[in-house]
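Novice: Before we start, here is the structure in question, set down as structure tokens.
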Amino acid sequence: MSKTPSTSYTLTFAAVVCVVCSLVVSSAAILLKDRQERNVLLDKQKNILGAVGLHASNPDEIASLYASKIKELEVTDAKLPLYAREENGAPAAYAFPISGKGLWSTLYGYLALEPDGDTVKGITFYKHGETPGLGAEIEKPWFQQNFVGKKILGSDGSLASVAVVKGKVAELIAPDQQSHFVDGISGATLTSKGVTKLVRAGLERYEPFLKTIRKEQQ
Numbered sequence: 182m183s184k185t186p187s188t189s190y191t192l193t194f195a196a197v198v199c200v201v202c203s204l205v206v207s208s209a210a211i212l213l214k215d216r217q218e219r220n221v222l223l224d225k226q227k228n229i230l231g232a233v234g235l236h237a238s239n240p241d242e243i244a245s246l247y248a249s250k251i252k253e254l255e256v257t258d259a260k261l262p263l264y265a266r267e268e269n270g271a272p273a274a275y276a277f278p279i280s281g282k283g284l285w286s287t288l289y290g291y292l293a294l295e296p297d298g299d300t301v302k303g304i305t306f307y308k309h310g311e312t313p314g315l316g317a318e319i320e321k322p323w324f325q326q327n328f329v330g331k332k333i334l335g336s337d338g339s340l341a342s343v344a345v346v347k348g349k350v351a352e353l354i355a356p357d358q359q360s361h362f363v364d365g366i367s368g369a370t371l372t373s374k375g376v377t378k379l380v381r382a383g384l385e386r387y388e389p390f391l392k393t394i395r396k397e398q399q
């Protein structure tokens, strides 16, 4: 007849099992957190690179290209983050974060300008909760490519920004104003309005810095 384990043995065994399980769970959580943080960083770097016209496919390439081409800065009295693409020691583009409300979510991305402080180099959106096939089209290359080459300054030198129209620019906007507009997304009017607002808001925040680089170009 087998001997029944004592109460103290049972409690000790249970305590050991709990400690071992907690250590395993804690270790897994730490490892997972590190991986998640690295993925977030890589996604940020990938989107900054994309905005300034650089592209890499795998994590090692992204990290290497970012380290060799991007200089992280802080500008204006508010210490706003800025990312400068450098080529042969000179700035080739400037990128900065943009964010604002869409239809269902806050949209996050990066907008980049050429060294002239007027011409759009590129734009990316990396985080949102918009409707697939509608507002979510903001993350697609066809939409983002529409911004490339657009101008943020009006003919008088003031900030005109770049707006998303409801429809086709070629059909709705006068030729001399088309450089300030991009085609909209069918069925995503509120998301498009959100993009228009957040692009302008981002440009307004960075306008003090942009004015300084424009003066340097003169």
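The sequence shown begins at 182 in this note's numbering and counts up by one.
For glycine and all other residues, C-beta sits at the position ideal for the given N, C-alpha and C.
Just so you know, these numbers come straight off a predicted model, no measurement behind them.
#1: Give me, in chain order, the residues of the same chain whose beta-carbon lies closer than 7 Å to that of valine 350; leave out the 5 immediate sequence neighbours on both sides.
#2: Going by other Cβ atoms of all chains shown within 10 Å of its Cβ, with 16 needed for buried, is valine 256 buried or exposed?
#3: Looking at the unbroken beta strand (DSSP E) that takes in leucine 340, where does it start and where does it end?
#4: Once DSSP output is grouped into helix, strand and coil, what is the label at phenylalanine 328?
#5: For the beta strand (DSSP E) containing lysine 378, list its first residue and its last residue.
#6: Please report how far the alpha carbon of glutamate 311 lies from the alpha carbon of serine 342, in whole angstroms.
#7: Rounded to the nearest angstrom, what separates glycine 348 and isoleucine 366 at their Cα positions?
#8: From what residue to what residue does the beta strand (DSSP E) around serine 280 run?
#9: Just reading off the alpha helix (DSSP H) that alanine 351 is part of, what are its end residues?
#10: Quick one: give me the first and last residue of the beta strand (DSSP E) that alanine 313 is part of.
#11: Could you tell me which residues DSSP puts in a beta bridge with tyrosine 247?
#12: Express the C-alpha separation of lysine 214 and glycine 298 in angstroms, rounding to a whole number.
Specialist: This is what the structure holds:
#1: Closer than 7 Å at the Cβ level, and outside the excluded window around valine 350, lie Gln359, Phe362, Val363, Asp364.
#2: Label assigned to valine 256: buried.
#3: No beta strand (DSSP E) contains leucine 340, which DSSP labels as neither H nor E.
#4: Coil at phenylalanine 328, not helix or strand.
#5: Looking at the DSSP string, lysine 378 is not in any beta strand (DSSP E); the run it does join, the alpha helix (DSSP H), is 370 to 398.
#6: Approximately 23 Å, taken between the alpha carbons.
#7: In this structure, the CA atom of glycine 348 is about 7 Å from the CA atom of isoleucine 366.
#8: From DSSP, the beta strand (DSSP E) with serine 280 extends over 271 to 282.
#9: Residues 350 to 353.
#10: In the sequence as presented, alanine is not what sits at residue 313; that position holds proline. Per DSSP, proline 313 belongs to no beta strand (DSSP E) and is neither H nor E.
#11: Looking at the DSSP assignment, tyrosine 247 forms no beta bridge with any residue, so it has no partner.
#12: When rounded, the distance between both Cα atoms is 38 Å.
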